[in-house]
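In what follows, a structure is listed as structure tokens, so that the remarks can point back to it.
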Amino acid sequence: MSKPGRAVTVVGLGPMGRQIVRTYLAAGVAVTAWNRTPEKAHGLGAHRADSISDAVAAAELIVLSLTHYDAMDAVLGDIDLTGKVVVNLSSDSPRRTREGAAFVRARGGEFLAGGVMAQPQELAGPSAYIFYSGPRAVFEAQRELLRPLASTEYLGADDGAAQVYYQAMLALFLPLLLGYEQALAIIERSGSEIARFLPYAQRSLGSVGDLYAAWAGMVEQGGSADPAYLRMMAAGARHVVETGTAVGVDTVLAESVSSYWKRAVGASASTFQVLRG
Ligand code: NDP
């Protein structure tokens, strides 16, 4: 049963948007849903709007979950957004997000950007959180209605800030995932068992928090450009390439990693300095 006055519109019903709808409904919030492909709204239990105009009219808070910000422009078009708060939880670049904020304000609406740090099934769970950025007063006014989705991490008035943090987290996560798969491929191709390797991979995560803290402090001083350290790491990175090559694993990732140590040695600079440019 929804509580009076607690209503949202959700636009975009991919895996994330559908879970946003379910999460709001479970929290007793009345939901109106709209999607370009209308069939995806079936069976969710939300009120289905016949048009995007009807969807926007149905609530003050409009939550968008789309593939990118171009989709927001395409969906909202020239709709008058006066009195509406658009919270876009779609991924995109910080620059595109700032443009999207201007797009919404030019149509009379308030805007917040969000970056969802959870998979759909994790929404409302203990580990889920969402980065938000945009005007503080707008965030504070909507905080209670955003809270059922995940805990909130407000990053400030710069509309692009949520995407800076979201993309930085992806920059961290995507190579981690690929590096893990690369390790598993080396194990499997070498005739060993992934299950046997798993505990060692898990054990390596135990100290990552401390490593991040130590590295952050070092990087603030420019990172380590100690020649002996760089040469040792460059050799280690090269050995990963050689090991992968020997067992037939794709080495594009390993070659790329190795190239950073090689460049660092050549420039007598830390890998952080090479990356930062
Ligand atoms: P998608 O990124 O595939 O988003 C699909 C939604 O975008 C659908 O509703 C689709 O409509 C709509 N869409 C795409 N292009 C257009 C367009 N030009 N005009 C109108 N509608 C359009 O799936 P997700 O739900 O997984 O992700 C939504 C957002 O959440 C993304 O930005 C994603 O990066 C982010 N996110 C997703 C996570 C996940 O694990 N899924 C985790 C964290 C963030 P239609 O159905 O008609 O095609």
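Residue numbers (the numbering used here): 10 to 286. Just so you know, even glycine gets a beta-carbon here, dropped at the ideal spot from N, CA and C. These figures come from a predicted structure and were not determined experimentally.
Just measuring C-alpha positions, the residue of Pro236, Leu121 and Val40 sitting nearest Ala171 is Leu121.
Judged by the Cβ position, Met81 fails to qualify as a neighbour of the ligand NDP at the 6 Å threshold, every heavy atom of the ligand being at least this far. Within the model, the alpha-carbon separation for Gly52 versus Asp63 is close to 19 Å. Taking non-hydrogen atoms of the ligand NDP into account, the C-beta of Ser99 is found less than 6 Å away from one of them. The closest heavy atom of the ligand NDP lies less than 6 Å from the beta carbon of Ser74. For the stretch 12 to 45, the continuous beta strand (DSSP E) assignments of 3+ residues that do not extend past its boundaries occur at 16 to 20 and 39 to 43, in sequence order. If you ignore the 5 residues before and after Ser267, its C-beta comes within less than 6 Å of the C-beta of Ala246, Arg247 and Val250, all in its own chain and listed in chain order. In the structure shown, the three-state DSSP call for Ser213 is helix.
Per DSSP, the unbroken alpha helix (DSSP H) holding Thr106 starts and ends at Pro103 to Ala115. Residue state for Leu284 is assigned as helix, using DSSP reduced to three classes.
In the structure shown, the three-state DSSP call for His56 is strand. Of the heavy atoms belonging to the ligand NDP, none sits nearer than 6 Å to the Cβ of Arg15. Residue state for Glu162 is assigned as strand, using DSSP reduced to three classes.
Spatial neighbours of Ala127 in its own chain (CB-CB distance under 8 Å, excluding positions within 5 residues in sequence) are listed in chain order as Gly134, Ser136, Ala137, Tyr138, Ile139 and Ala159. Counting along the chain, Val72 sits inside the beta strand (DSSP E) bounded by residues Leu70 to Leu73. In this structure, the CA atom of Phe281 is about 22 Å from the CA atom of Ser102. Each residue's CA atom was taken as its position, placing Ser201 and Met241 some 27 Å apart. The Cβ atoms of Ala68 and Ala110 do not sit closer than 7 Å to each other. Setting aside the 5 residues that flank it on each side, Arg114 is surrounded in the same chain by Phe120, each with a C-beta closer than 8 Å to its C-beta; the list follows chain order.
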